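J.:
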Amino acid sequence: MHMWERLYASAFEKVKANIGNVRGVLLAYNTNIDAIKYLRKDDLETRIERAGKEETLRYSDELPEKITSVPQLLGSILWSVKRGKASELFVESCSTRFYMKRWGWDELRMGGQVGIMANLLGGVYGVPVIVHVPQLSRLQAGLFKEGPIYVPGVEDGKLRLVHPGDFKGDEESCIHYIYEFPRGFRIFDFESPRENRFIGSADDYNATLFIRDEFRERFDEIASKVDLAIMSGLQALTRENYREPFETIRGHLEVLNEKNIPAHLEFAFTPDETVRNEILKLLPEFWSVGLNEVELASIMEVMGEKGLAEKLLAKDPVDPIAVTEAMLRLAKETGVRRIHFHTYGYYLALTDYRGEFVRDALLFAALAAASKAKLGDVPSINEVVQAMGVPVNEKVKPVEGTLAEEYGMRGGIAEVDNYQLAFVPTKIVAKPKSTVGIGDTISSSAFVGEFALEVSF
Ligand code: AMP
Ligand code: GLC
């Protein structure tokens with residue numbers, strides 16, 4: 488059997504056998520509802536003609552800062568289609584929100600990094616999770632899977648953990664409209680080079696990182712119930728509104744670090760440079776960070792590494808030497824102990840500790856990602872094993888060769904500047920059902936999988 492196929496099979500068995508060792512994971516802060524619309528050419532063209540083609544096309548060249556009109560919405564969708572790139576903007580105007588609602592959706596799905604990870608870790612892997620849900624409407628509650636998934640509430644002064652389905656009350660619905668398109672999607676004279684999506688978020692809570700009272704007042708108690716924490720949702724903040732939530736997060740990280748609970752930051756594309764800089768300053772408090780090439784390049788930019796940033800975006804597959812150099816820069820600058828990079832075709836993890844379990848957790852994550860790409864959801868651990876049938880990405884062979892040549896990598900592991908570098912080629916689903924949430928699936932599976940293997944050693 489091919490070396491990687493063998494490693495895949497044994498990594499899956501190991502993680503599956505040990506994932507039950509994790510006592511609990513805290514997930515904060517962003518949970519929402521994803522209303523997914525698979526775009527149709529005729530429908531979109533008609534809408535653009537009706538809204539005004541000339542004005543709409545303007546936004547397909549340059550994205551607005553936020554969406555305040557229908558031509559801005561349609562133009563931003565075109566911006567993503569033209570480039571095959573993901574983007575997300577806040578929808579401010581209620582008339583545009585109403586337009587999106589009437590346009591409708593094909594599917595309602597759990598959304599937000601936290602929501603997606605909660606259903607995967609709690610609902611599929613059976614790992615207990617405590618989840619921050621800024622607003623818990625009945626619609627939102629219904630999207631949580633069965634399993635050890637809990638939201639905290641305070642009753643008679645006591646902290647109580649309940650499944651979101653048992654939460655009493657009906658709060659607001661935070662809806663993100665996800666416009667998905669396949670590779671080769673044609674509209675006017677554009678053709679999308681890759682499958683991807685544009686997100687318009689009609690959500691006043693996650694956008695400003697609203698943090699619930701239970702998490703402000705009872706954080707210590709909540710944290711004492713978990714082994715690990717994963718944080719995300721800082722990406723939509725702006726220079727005007729980041730200060731207050733950042734103060735709360737800093738406080739939360741202090742509590743986690745006092746209790747020796749490793750915290751992972753799931754970085755997401757953060758358009759505001761001030762906020763990106765502030766995240767960089769917060770990174771020393773995290774154990775681990777997860778990101779893709781666009782996100783890593785955006786961090787290199789604020790670190791003054793413009794050349795590296797450009798190299799990261801220049802090639803497909805992404806140049807692994809540029810990635811490793813960027814990861815080393817980031818690790819040395821912030822002291823973060825683990826950096827998990829994912830891109831189309833391969834993952835890398837740079838850690839200041841060593842062991843095959845780091846690579847094995849990446850392999851497990853790649854199986855989960857393939858299952859998510861294929862079905863749009865990971866329904867059960869059995870579907871994860873089905874992904875073993877998806878072939879390993881052959882286009883990545885030269886990447887492996889380069890790493891072997893440059894760093895003497897063997898079996899996906901090398902030593903670079905006193906760090907361990909772990910590499911895996913991933914399985915790529917040729918016709919994915921949808922693209923949203925794959926990154927979250929990868930990062931949470933790898934981080935929690937790694938810990939499960941590590942504690943079993
Ligand atoms: P993000 O850009 O953070 O949402 O993460 C997307 C990640 O999903 C990429 O970096 C790839 O590793 C992975 N991915 C995207 N498309 C596919 C696919 N068709 N099959 C398997 N993995 C995919
Ligand atoms: C962002 C979006 C959310 C989506 C998630 C997937 O958090 O706001 O709608 O579900 O990304 O990664």
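The opening position of the sequence shown corresponds to residue 488 in my numbering, with each subsequent residue numbered one higher. By construction, the Cβ of each residue, glycine as well, lies at the ideal position given by its N, Cα and C atoms. As the structure is a computational prediction, the values presented were derived from the model and not from experiment.
Does ALA939 come out as helix, strand or coil in the three-state DSSP assignment?
T.: Correct three-state label for ALA939: helix.
J.: Check whether the Cβ atoms of VAL502 and ALA939 lie closer than 8 angstroms to each other.
T.: Their beta carbons are under 8 angstroms apart, which means VAL502 touches ALA939 by this criterion.
J.: Who are the near neighbours of PHE668 in its chain, counting only those whose CB is closer than 6 angstroms to its CB and skipping five residues on each side?
T.: The answer, listed in chain order, is LEU526, VAL568, SER679.
J.: Report the CB separation of LEU626 from ILE506 in whole angstroms; it is logged as a contact under 8 angstroms.
T.: Rounded, the Cβ-Cβ distance is 30 angstroms, inconsistent with contact.
J.: So, under 8 angstroms CB-CB, GLY720 and ILE554 are touching, yes? Tell me the CB distance rounded to an integer number of Å.
T.: Rounded, the Cβ-Cβ distance is 20 angstroms, inconsistent with contact.
J.: Taking ALA901 as the reference, which of ALA836, ASP864, GLY926 has the closest Cα?
T.: Ranking ALA836, ASP864, GLY926 by Cα distance to ALA901 puts ALA836 first.
J.: Would you tell me roughly how many angstroms separate the C-alpha atoms of LEU815 and PHE844, rounded to the nearest one?
T.: Near 20 angstroms, if we compare the C-alpha coordinates of PHE844 and LEU815.
J.: Which residues bound the beta strand (DSSP E) around MET597?
T.: Unbroken beta strand (DSSP E) run through MET597: 594 to 598.
J.: Pick from ASP657, ALA933, TYR637, GLU792: whose alpha carbon is nearest that of LEU623?
T.: Minimum Cα distance to LEU623 is reached at ASP657.
J.: What's the gap between the Cα of ILE868 and the Cα of VAL877?
T.: Whole-angstrom Cα-Cα distance: 16 angstroms.
J.: Can the beta-carbon of TYR834 be found less than 8 angstroms from the beta-carbon of ALA852?
T.: Contact: yes.
J.: I'd like to confirm something about TYR831: is its beta-carbon nearer than 7 angstroms to some heavy atom of the ligand AMP, or not?
T.: For the ligand AMP, at least one heavy atom lies less than 7 angstroms from the Cβ of TYR831.
J.: Check HIS827 in the structure and name its three-state DSSP category.
T.: Strand, per DSSP.
J.: Considering GLU642, what are the terminal residues of the beta strand (DSSP E) in which it resides?
T.: Segment 636 to 642, the beta strand (DSSP E) holding GLU642.
J.: Relative to the C-alpha of ALA784, which residue among GLU772, PRO749, LEU770, ALA801 is closest?
T.: Minimum Cα distance to ALA784 is reached at ALA801.
J.: Nearest-angstrom Cα distance between LEU770 and PRO749?
T.: Cα to Cα, LEU770 sits roughly 12 angstroms from PRO749.
J.: Would HIS827 be called buried (16 or more neighbouring beta carbons within 10 Å of its own) or exposed?
T.: Counting Cβ neighbours within 10 Å, HIS827 comes out buried, since at least 16 surround it.
J.: Check GLN873 in the structure and name its three-state DSSP category.
T.: Three-state result, GLN873: helix.
J.: Name the two residues that bound the continuous beta strand (DSSP E) containing GLY888.
T.: Taken as a continuous stretch (DSSP letters only), GLY888 belongs to no beta strand (DSSP E), being part of the alpha helix (DSSP H) at 884 to 894.
J.: Using C-beta distances below 8 angstroms, list every residue in its chain close to VAL823, excluding the 5 sequence neighbours before and after it, in chain order.
T.: Cβ neighbours of VAL823 beyond the five flanking positions: LEU770, PRO771, PHE773, TRP774, SER775, VAL776, LEU817.
J.: With which residues is ILE664 paired in a DSSP beta bridge?
T.: It is Tyr, not Ile, that sits at residue 664 in the sequence shown. The partner list for TYR664 (beta bridge, DSSP) reads ALA522, GLY687.
J.: Could you tell me how far apart the beta carbons of PRO621 and ARG699 are, in whole angstroms, since I believe they sit closer than 8 angstroms?
T.: So it is a contact: roughly 7 angstroms between Cβ atoms.
J.: Excluding the 5 residues flanking ALA857 on each side, which residues of the same chain have their C-beta closer than 7 angstroms to its C-beta?
T.: So the list reads ALA874, VAL877, LYS914, VAL916, once near-sequence residues are dropped.
J.: Can you give, in chain order, each stretch of the beta strand (DSSP E) that sits fully within the region 495 to 557 and has at least 3 residues?
T.: Correct list: 512 to 515, 519 to 525.
J.: What's the gap between the Cα of ARG705 and the Cα of GLY640?
T.: ARG705 and GLY640: Cα-Cα distance of roughly 10 angstroms.
J.: Quick check on DSSP: helix, strand or coil for PRO912?
T.: Here PRO912 sits in strand by DSSP.
J.: Three-state secondary structure (DSSP) at GLN627?
T.: In this structure, GLN627 counts as helix in the three-state DSSP scheme.
J.: State the Cα-Cα distance for the pair LYS859 and THR928, rounded to the nearest angstrom.
T.: Cα to Cα, LYS859 sits roughly 8 angstroms from THR928.
J.: Is the beta carbon of ASP707 sitting closer than 8 angstroms to the one on VAL742?
T.: Yes, the Cβ-Cβ distance between ASP707 and VAL742 is below 8 angstroms.
J.: Would you mind sorting GLU753 into buried or exposed? The rule is 16 or more other CB atoms within 10 Å of its CB.
T.: By the 10 Å Cβ count, GLU753 comes out buried.
J.: Mapping the DSSP letters down to three states, classify LEU696 as helix, strand or coil.
T.: The answer is coil: DSSP assigns LEU696 none of H, G, I, E or B.
J.: Closest to VAL512 by C-alpha separation, out of ALA573, VAL638, VAL886, would be which residue?
T.: Ranking ALA573, VAL638, VAL886 by Cα distance to VAL512 puts VAL638 first.
J.: From the DSSP output, in three-state form, read off ILE674 for me.
T.: In the structure shown, ILE674 sits in a strand (DSSP, three-state: E or B).
J.: I need the straight-line Cα distance from GLY924 to ILE523, nearest angstrom please.
T.: Cα to Cα, GLY924 sits roughly 12 angstroms from ILE523.
J.: Ordered along the chain, which non-local residues of its own chain (more than five positions away) have a Cβ less than 6 angstroms from that of TYR894?
T.: Closer than 6 angstroms at the Cβ level, and outside the excluded window around TYR894, lie ALA901, VAL903.
J.: Could you give the DSSP three-state label for ALA853: helix, strand or coil?
T.: If DSSP states are grouped into helix, strand and coil, ALA853 belongs with the helices.
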